[in-house]
Each structure stands twice: as C-alpha cells, then as structure tokens.
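Under this note's numbering, the first residue of the sequence shown carries the number 7, and numbering increases by one thereafter. For each residue, glycine too, the CB sits at the ideal point set by N, CA and C. Quick notes on the structure that follows.
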Amino acid sequence: MQSRPEPPVRSSVSAPLPCSRQLQQLFDASPDVICSIDREGRFVLVSRAALEVWGYTPEELIGRPYIDFVVPDDRTATQASAAAVMSGGGSTDFQNRYRHKSGRIVPILWSARWDSAGETMCCIAKDISEKVGRERLQAHLDTALRRQHQQMEEMLGRIADGFFSVNHEWIIQYANPRVEAILGINAADYTGKNLWDSFPSIRESACYEQYHHAIRSGQPVHFEVWLDVFGKWFSVDAHPSATGLSIFFRDTTRQKATEEELRRSHERFALAAKSDAIYDWDLRTDELHWGDGLSRIFGYAPENLQTTPQWEATLHPADFEETTRKLQSVLADPSAFVWEAHYRMRGQDHSFFYVHELGHIIRDDAGTAVRMVGKLHNST
C-alpha cells in the first residue's frame, strides 16, 4: 500500500507586526489629525497633530464632545454627517469649521468611517485653510473684476459723451448708450465689425488721419470734424492704449451754430456801436461789461451798471415785473437763443427812455445760458 503524503506543515512564524511604539510614531507623525470618536460623540483617541491644527493637546480633547469645537453655524450639518457614518453608511467626506484654541476659525476636511467592532468613528481631519484661502482670494478677485467691469460700464453709460473703442484691427469692441443717442444708430449692429467698413465715408474725413496718427505716435489727439454721414459737427478725443483706441466724442453742431451767429452778431453790433449801448453779460458771474454807448446815450458810467440788480433798478416800475419775468423765462429755455424786449429805462438824469433791447444768448453743451451779448437802442 502506498502511504498517503503528509499534509504540508503550516509555519508557526507569522509576518512581523509593527510594535505599539511604531504605530504610535506613525499615528503622531501624520500632519493631519487622526482621531476616533465614540457613539456619544466624545474623542477617544487623538493624534499629536491636534496641537498644530486646533491648538489643543490630545489630553485636552480626549473625553470631550467633538461638537463643542465646531462653530455653531456648522453643528447641525456636522451632526447629520456623523449620524450617517455611525449608521453604517460607509466612508463619508465632509467639511466644517473648528474653533482654534486661539479663537481663529480653521476649515477642516473630514474623512470618516464607522468601526462597528470598536463602536467608534475613525476619522482623519485635514486643515484646508490654505486651499480655502486660495479659493476665497480667487473668488474675491473674480468679484472685484466683475464689479470693476460693471462700474466701468455704468460710468461710460452715464457720461454725456459718446464713447467707443476699437482694437488694432479697427474692430469696434464696445459702444456706450450715448453713441446710439448722438448718432441715431443701433450700436449692436456695428459691434464686432470694422470701423472703416461700417462707415466708409469717414475715411475721407479728419478721423482717418487723426486716428492713425494716435495709433502710430502713441499720443492722444483732439480735433473737430464735420461728418456728412451724420450731418453734424463733432469734437473728438482719441486715446491710444496697448489694446487699441478709446474714442470720446460729442455733438457740437449747436455750439458751432451759436458761434457763427455770435460772429455775425459781433459784426452787426460793430456797426450799431455808434448809436446803441453794447453789452456783454457773463451769466455765471453776473458781470455786465458795456461799450461807450451806455454813457453817451443814457449817461451812466459802466461801473454804475455792472450787475443785474443795478440794471433792474433803472426799469420803470410799470415795466419791471413783466420785463424781468420774461427775461428769466427766456434764459431758462434751452431752445431760446434770442432775447428781445421793449421797456422804459431811467437815465442818469432821471428821465425815462423807451428802449428796444436785443440780446443773443450763448449756451453750453447742456443748454445752460452762460453768456449774453446784446444792445440797448434808444427808441424814444
């Protein structure tokens, strides 16, 4: 008979296990807090990293409820996550904030699982302050950039000038709402398109030369130009930058018309100066400047009628209210450029003259009267 083979002899020598000192060294060498928490929520074991992360020694934490160190706003969510782990739901990762012994807040990323044999929750707590700090900084920068962009758009939307920008390929990048109001166009129809292709006729205007000069020289330019395509005069300022050209413009057609009318008025007044009292009234300072006709015709020295109250004092009482009321009404009307009135005025010798006054009003871009040049004619 053949003998049965002997069963293999199992070795009684097992793989070496780390001693408790080695385990403790590994336990305390981790930069993250390694801990266990019992079913009542109290720390059972805590690694030495707790001192660095939370400011507490393990001895200060063992036996104390973990929830005491969680900031109040995070406690409900933290307890819900812990309950999910303790119910055997497997490993769970969640974040909360711990109150450091110094009082500062420490954001923590937890990884936890339930040990049913030991009836404890085994956890690793990682300080993610640096990560949260980077995220907050990035969020802050993003918010600041969005706010800055919004503020810039709001500012450009509020200015009275039209504003648009082009890149170095002359592609229109942006146009504020005033562009549409001044030019009577829909800016969206031209954004993203070539400036010269969109408005071919302005190639023949000063715009083409001035804009190219600004780009070549890197220096801002200012000029006035008449554009047939819009039938208007414009005052233009163009500022070059690394990304292209920023252009501000305003409609000066009315101002040009006023200047031309003023030039003609001066010519007429020069002819009338010998027989009329010519004046120049600065409405911002309420200063009246007179020609020689004031003393020759009405007997007043120029320094006797330098302000509105002094002139008003010469009006006949019966004409005072109507004359001053009409004058204020005309000055307040942005569309009015001529003041004409008939009234009685007392001369230096206290006799009254019948006066025909004709004044030409000069207004700023907002329509506010800033100056009036006129004459007083003795029609007695």
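Coarse secondary structure for residue i, derived from DSSP in three states
i           : result
residue 373 : coil
residue 293 : strand
residue 340 : coil
residue 199 : coil
residue 259 : helix
residue 312 : coil
residue 80  : helix
residue 327 : helix
residue 106 : coil
residue 354 : coil
residue 123 : coil
residue 7   : Bear in mind that a pLDDT of 37 at residue 7, under 50, signals an unreliable position, so the model cannot answer this.
residue 265 : helix
Cβ shell of residue i (< 6 angstroms), same chain only, five flanking positions each side left out
i           : result
residue 375 : 289, 337, 367 and 369
residue 132 : 38 and 115
residue 215 : none
Other residues of its chain near residue i: CB distance less than 7 angstroms, five sequence neighbours each side excluded
i           : result
residue 61  : 106, 107 and 108
residue 287 : 294, 377 and 378
residue 303 : 283 and 384
residue 135 : 112 and 113
residue 231 : 211, 212, 213, 240 and 242
Chain-order list of residues whose beta-carbon lies under 8 angstroms from that of residue i (same chain, five-residue window excluded)
i           : result
residue 80  : 102 and 103
residue 318 : 326 and 330
residue 70  : 48 and 49
residue 235 : 205, 207 and 208
residue 122 : 94
CA-to-CA distance, residue j to residue i, given in whole angstroms
i           : j           : result
residue 385 : residue 238 : 40 angstroms
residue 300 : residue 166 : 41 angstroms
residue 324 : residue 266 : 37 angstroms
residue 379 : residue 313 : 14 angstroms
residue 228 : residue 243 : 5 angstroms
residue 185 : residue 200 : 16 angstroms
residue 296 : residue 322 : 21 angstroms
residue 22  : residue 126 : Only weak support exists for where residue 22 lies, its pLDDT of 44 falling under 50; the coordinates are left without a value.
residue 63  : residue 75  : 13 angstroms
residue 55  : residue 41  : 10 angstroms
residue 98  : residue 92  : 10 angstroms
Bounding residues of the alpha helix (DSSP H) (the contiguous stretch that carries residue i)
i           : result
residue 67  : 64-67
residue 320 : Looking at the DSSP string, residue 320 is not in any alpha helix (DSSP H), and its letter there is neither H nor E.
residue 184 : 183-189
residue 55  : 55-60
Range covered by the beta strand (DSSP E) that runs through residue i
i           : result
residue 134 : Looking at the DSSP string, residue 134 is not in any beta strand (DSSP E), and its letter there is neither H nor E.
residue 230 : 227-233
residue 51  : 49-52
residue 73  : That residue, residue 73, is in no beta strand (DSSP E); it is neither H nor E in DSSP.
residue 208 : Counting along the chain, residue 208 falls outside any beta strand (DSSP E), and DSSP gives it neither H nor E.
residue 283 : 283-288
Between the segment 345-361 and the segment 251-271, do at least 3 Cβ pairs fall closer than 8 angstroms?
-> no
Cβ pair count under 8 angstroms reaching 3, the segment 286-300 against the segment 342-350 = no
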